[in-house]
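Number of protein chains: 4
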Amino acid sequence: MKPVCLVIGAGAGIGGNIGKRFAAEGHHAVLCRRSDEEGLNALVAEIEAAGGSASGHILNAIEDGAIEERIAAVEADVGPIEVAAYNLGAQIGDRKLEETSYKQFEMGWRLGTFGLFRLAHAVCPLMEERGKGTILVTSATAAVRGNAGQHSHAAAMGGRRMLCQSLNAQFGPKGIHVAHILIDGAVDAPDTLGKMLGPERFQELREARGMEHDGLMLPERIADTYYHVAQQHRSAWTHELDLRSFSDLAWWNHR
Amino acid sequence: MKPVCLVIGAGAGIGGNIGKRFAAEGHHAVLCRRSDEEGLNALVAEIEAAGGSASGHILNAIEDGAIEERIAAVEADVGPIEVAAYNLGAQIGDRKLEETSYKQFEMGWRLGTFGLFRLAHAVCPLMEERGKGTILVTSATAAVRGNAGQHSHAAAMGGRRMLCQSLNAQFGPKGIHVAHILIDGAVDAPDTLGKMLGPERFQELREARGMEHDGLMLPERIADTYYHVAQQHRSAWTHELDLRSFSDLAWWNHR
Amino acid sequence: MKPVCLVIGAGAGIGGNIGKRFAAEGHHAVLCRRSDEEGLNALVAEIEAAGGSASGHILNAIEDGAIEERIAAVEADVGPIEVAAYNLGAQIGDRKLEETSYKQFEMGWRLGTFGLFRLAHAVCPLMEERGKGTILVTSATAAVRGNAGQHSHAAAMGGRRMLCQSLNAQFGPKGIHVAHILIDGAVDAPDTLGKMLGPERFQELREARGMEHDGLMLPERIADTYYHVAQQHRSAWTHELDLRSFSDLAWWNHR
Amino acid sequence: MKPVCLVIGAGAGIGGNIGKRFAAEGHHAVLCRRSDEEGLNALVAEIEAAGGSASGHILNAIEDGAIEERIAAVEADVGPIEVAAYNLGAQIGDRKLEETSYKQFEMGWRLGTFGLFRLAHAVCPLMEERGKGTILVTSATAAVRGNAGQHSHAAAMGGRRMLCQSLNAQFGPKGIHVAHILIDGAVDAPDTLGKMLGPERFQELREARGMEHDGLMLPERIADTYYHVAQQHRSAWTHELDLRSFSDLAWWNHR
């Protein structure tokens with residue numbers, strides 16, 4: 009039975025590539041995303057065509073019980089979750105305070121912070137019993153600094169980061185590796201950046217920075233580091249790391 | 009008409025002392041707390057006996073509209089809010105993940121993060137129109153580091169800190185001073201620390217560290233710095249500062 | 009006998025204003041600067057004309073023994089140093105690595121880090137014996153983030169900040185208050201910014217941002233906060249705080 | 009011709025294992041250490057016996073020109089330096105301020121900060137011309153927080169971290185990857201920890217925490233991550249990461 013890598017937020021960017029990478033290394037990838045069943049099926053098919061093993065689920069993470077039930081089902085039907093990647097964003101674009109509704113702010117928290125809490129609530133006891141497990145958390149610049157227009161996103165990601173530290177403090181000594189991976193730049197991902205910008209502006213940006221020049225972060229390369237972190241020996245674990253393109257400024261140097 | 013200082017979370021510790029201090033300096037203090045009407049009335053009476061001006065309100069901050077309606081009423085009936093102090097804690101004591109319920113985690117966010125968002129939503133447009141205003145936010149060690157047993161508290165305060173940075177980025181240039189004040193130690197406060205420890209252990213701790221030795225943070229002295237920050241000239245504003253007793257270790261040096 | 013406030017780096021900007029402020033509050037100010045005896049004498053005269061007490065010394069801080077001997081002489085001839093402000097900068101402007109000589113890099117360390125170590129070496133034992141004292145350290149954005157062109161400055165200030173934390177950890181419990189004050193913006197100071205830009209560009213910048221609009225940090229207002237920090241009760245000390253103009257972005261938001 | 013991996017500080021701990029790992033992956037390892045020629049020769053022999061390629065040099069990093077000349081010689085005689093690992097510590101054990109001499113403090117800076125500056129000065133122009141290169145910098149807890157007894161070490165490592173950020177800001181866009189690797193725990197290394205504790209206490213600590221239990225950091229496992237970082241694709245580089253044993257607390261949670 010293959011070890012399971014569960015990905016919450018498995019679109020065509022980082023999440024999907026985590027799935028592909030872990031599947032290529034012998035895991036069964038359980039891919040969950042909120043919509044686009046077609047894209048999800050294509051991803052599963054791609055992994056299987058490459059000789060890997062995967063399954064896909066449409067999952068609305070903010071629905072009561074959705075994450076918890078998926079975890080229970082995977083553990084019952086597929087096998088023990090060795091790696092769980094929490095890859096849900098909470099970005100709603102730049103919005104001034106007065107343009108950020110209570111509902112949006114709460115949604116940011118539900119996706120950005122509470123969903124990870126729920127995942128940890130469900131999966132940590134299982135991992136603790138097994139004495140091992142890895143939780144890889146995708147994070148963002150907004151986790152370490154607020155900014156005008158980021159009221160919702162920064163609050164959600166700042167909470168997420170502190171939650172990761174808390175989980176790490178409780179569960180590290182139990183053999184559960186929690187890693188907070190700060191994605192500090194634009195990712196070449198059609199499902200997130202592409203949708204935010206629209207196809208035309210996304211293609212322009214890709215041409216200006218991404219293609220040929222690696223100025224956009226390539227999600228399959230990001231996944232290399234996710235995989236490495238999950239493979240780190242327990243005597244030398246990373247809890248926090250950042251990732252950005254070589255040509256980009258670090259968050260402490262850019263607007 | 010006196011300028012108004014609104015305090016959300018005005019118990020016998022930091023919040024009450026903010027009220028006393030600003031009242032002593034010529035503000036009308038609007039004191040809000042969730043319970044203990046007697047204590048609230050006593051605080052108002054104490055301020056008035058000292059020649060100051062204050063009013064008190066029982067306010068359950070997590071109730072829909074409670075903060076918003078209080079702000080509207082104060083602006084209509086008392087005067088423009090010049091200083092708003094958000095002093096609600098979200099500490100629920102050390103609890104392991106499995107002992108932290110969804111409800112508690114959400115409550116932490118409602119008190120620790122969302123309440124400040126709601127206050128800012130209501131008061132920032134008014135302050136922006138007036139070209140000035142101060143929002144003083146009490147924060148905690150958990151805003152800058154998680155810890156085992158702090159899943160709820162750290163997530164809430166980490167979100168609060170990033171929200172403060174976001175508010176500051178949008179509203180600083182509009183003349184609104186947002187300050188994130190990290191209380192990095194135990195406060196000599198019967199309503200919070202006292203209740204958490206119980207009267208006997210609280211008195212023991214006070215005797216061991218607080219009285220004579222200033223090892224517990226004295227809330228009236230904390231209020232000195234809140235007042236100073238509110239008085240800073242706009243050419244030299246502090247956004248983040250920490251406070252602790254001289255005999256205590258800084259958060260980066262203590263467990 | 010008046011308590012002594014020693015200022016290392018007492019030009020016409022922050023340092024000189026620290027001297028003026030503490031003198032106005034009843035301290036004798038001992039003002040030290042590397043050059044411009046005329047300016048130094050004028051500053052002493054200005055303080056005395058205002059009814060305060062001060063003395064001035066030309067002091068080349070990187071010379072062997074210069075800081076140490078000044079401290080010994082002040083303690084012997086004037087009185088116990090209650091407050092020591094270390095206000096020497098190490099900024100050499102933006103320089104690429106290849107434009108930064110070994111000598112400049114070492115000079116940065118001598119002014120930015122080692123000088124504070126020497127001051128602490130000389131003054132901490134005296135303060136510890138008296139059970140009290142305050143060391144106010146002016147710091148800069150470069151203490152918390154490096155940047156292209158800041159190789160020397162950032163290394164010096166990063167070292168300074170960690171030294172402040174170390175001093176605080178050892179000497180806080182002995183009653184010595186060490187404060188690291190991050191000046192995160194341009195100061196309206198003819199001796200530093202003025203010299204770096206030249207008189208014409210400095211005046212342009214002042215007109216664009218400083219005068220009327222408070223977009224440049226006013227050193228006398230910065231000194232208000234230095235004074236407040238030195239007055240904080242030992243149950244509620246600040247170790248780290250930042251200062252910037254209301255209209256400026258915080259370092260985590262600006263280039 | 010094999011790509012060269014230069015290691016400054018190649019003892020039996022992290023540095024030697026970096027050499028072994030990069031040699032195993034096809035690099036020629038140039039190993040430099042201050043003393044113990046026998047140990048150095050044994051390391052070279054071990055690498056060669058495993059089919060790798062290495063050379064060793066006794067090098068006193070604080071001597072004028074020592075680092076610079078070694079780099080020039082390697083480039084002339086062996087080949088282009090693709091990876092440079094700066095692995096010199098500046099730890100002198102816990103010492104109070106009054107027990108830390110000027111000479112020790114300066115030595116800390118020479119090893120901890122200035123040596124890296126000199127290495128960068130020599131190697132960055134070469135790497136920039138080639139459009140690529142990696143500088144891996146071993147760092148320590150003291151880079152991110154001071155502590156009583158760490159005056160020298162913290163100042164040196166705090167300066168080192170800010171220098172890394174500055175180098176990264178200038179040279180990242182030129183294709184040079186600078187990584188600051190925070191070793192946040194005790195390493196199972198006879199040459200450093202072993203010497204600091206003495207053989208008996210070191211063995212006790214190893215037995216209590218290290219052997220079987222992975223409570224001490226294993227240097228060969230640390231080297232895995234150094235190697236990964238050097239292999240990261242330029243679209244997804246890590247600049248800062250931490251490493252510690254699973255059973256250890258993070259620096260923000262431990263004394």
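Protein chains in written order, with the working numbering: chain S, 9 to 263; chain W, 9 to 263; chain D, 9 to 263; chain Z, 9 to 263. Backbone N, C-alpha and C fix where the C-beta goes; we use that ideal spot for every residue, glycine too.
Bridge partners of VAL145 (chain W) according to DSSP: W:TYR94, W:HIS188. The beta carbon of ARG78 (chain S) sits closer than 7 Å to the beta carbons of CYS40, HIS65, LEU67 from its chain, once the five residues preceding and following it are set aside; these are given in chain order. Interface annotation, HIS161 (chain S): not in contact with chain D, CB-CB separation never under 8 Å. Nearest CB-CB separation between ARG153 (chain W) and chain Z: below the 8 Å threshold. DSSP, reduced to helix, strand and coil, places GLY60 (chain Z) outside both helices and strands of the structure shown, so it counts as coil. Around the CB of ARG126 (chain W), 16 or more other CB atoms lie within 10 Å, so the residue is classed as buried.
Taking all protein chains in view, the Cβ of GLU137 (chain W) is surrounded by fewer than 16 other Cβ atoms within 10 Å, so the residue is classified as exposed. Selection D:VAL131, D:HIS236, D:LYS140, D:ARG209 evaluated against ILE189 (chain D) yields D:HIS236 as nearest (Cα-Cα). Excluding sequence positions up to five before and after ALA238 (chain W), its CB lies within less than 7 Å of the CB of VAL91, THR142, LEU144, all in the same chain and listed in chain order. Pairwise C-beta distances place the region 16 to 34 of chain D out of contact with the region 172 to 179 of chain W, as fewer than three of them are shorter than 8 Å.
In this structure, ILE100 (chain S) lies away from ALA148 (chain S), with their beta-carbon atoms at least 8 Å apart. Taking 8 Å as the cut-off, the beta carbon of LEU171 (chain S) is found closer than this to the beta carbon of HIS159 (chain W). Using a CB distance cut-off of 8 Å, SER243 (chain D) counts as an interface residue toward chain W.
Taking C-alpha positions only, ALA156 (chain Z) is separated from ALA258 (chain S) by approximately 31 Å.
Per the DSSP secondary-structure output, MET225 (chain W) pairs in a beta bridge with W:VAL195. Within the region 170 to 195 of chain D, the residues whose Cβ lies closer than 8 Å to some Cβ of chain Z are MET170, LEU171, CYS172, GLN173, SER174, LEU175, ASN176, ALA177, GLN178, PHE179, listed in chain order.
For LEU213 (chain D), the uninterrupted alpha helix (DSSP H) run begins and ends at 207 to 213, by DSSP.
The bridge partners DSSP lists for ASP250 (chain S) are S:LEU190. Note that the region 22 to 34 of chain W touches the region 226 to 236 of chain W; at least 3 beta-carbon pairs, one per stretch, sit closer than 8 Å. If one requires a minimum length of 3 residues, the beta strand (DSSP E) runs lying completely within the region 121 to 183 of chain Z are 141 to 148, in chain order. Taking 8 Å as the threshold, the shortest C-beta distance from ASN261 (chain W) to chain D falls below it. A straight line joining the alpha-carbon of ILE89 (chain Z) with that of ALA81 (chain Z) spans about 11 Å. At the C-beta level, GLY116 (chain D) and ALA164 (chain D) come within 8 Å of one another. The alpha-carbon separation between TRP245 (chain W) and ARG169 (chain D) amounts to approximately 20 Å. Counting the other CB atoms within 10 Å of its CB gives GLY202 (chain W) a total of 16 or more, which places it among the buried residues.
With a threshold of 16 other beta carbon atoms within 10 Å, MET9 (chain Z) falls short and is exposed. When rounded, the separation of the alpha-carbon atoms in LEU119 (chain W) and HIS161 (chain W) is 10 Å.
At a Cβ-Cβ threshold of 8 Å, THR121 (chain W) and GLY167 (chain S) count as neighbours. In this structure, GLY21 (chain S) lies near ASP199 (chain S), with their beta-carbon atoms less than 8 Å apart. Taking 8 Å as the threshold, the shortest C-beta distance from ARG138 (chain S) to chain Z does not fall below it. S:VAL12 is the residue among S:VAL12, S:PRO181, S:ASN261, S:ALA150 whose C-alpha sits nearest the C-alpha of GLU83 (chain S). Contact note: HIS129 (chain W) reaches chain S through LEU105, using a C-beta cutoff of 7 Å and chain order. For ALA50 (chain W), the secondary structure class from DSSP, reduced to helix, strand or coil, is helix. In the DSSP assignment, VAL82 (chain Z) falls within the unbroken alpha helix (DSSP H) covering 74 to 85. Here ALA187 (chain Z) is buried: its Cβ has 16 or more other Cβ atoms, across all protein chains shown, within 10 Å. With respect to chain Z, the C-beta atom of GLN112 (chain D) has no partner C-beta closer than 8 Å.
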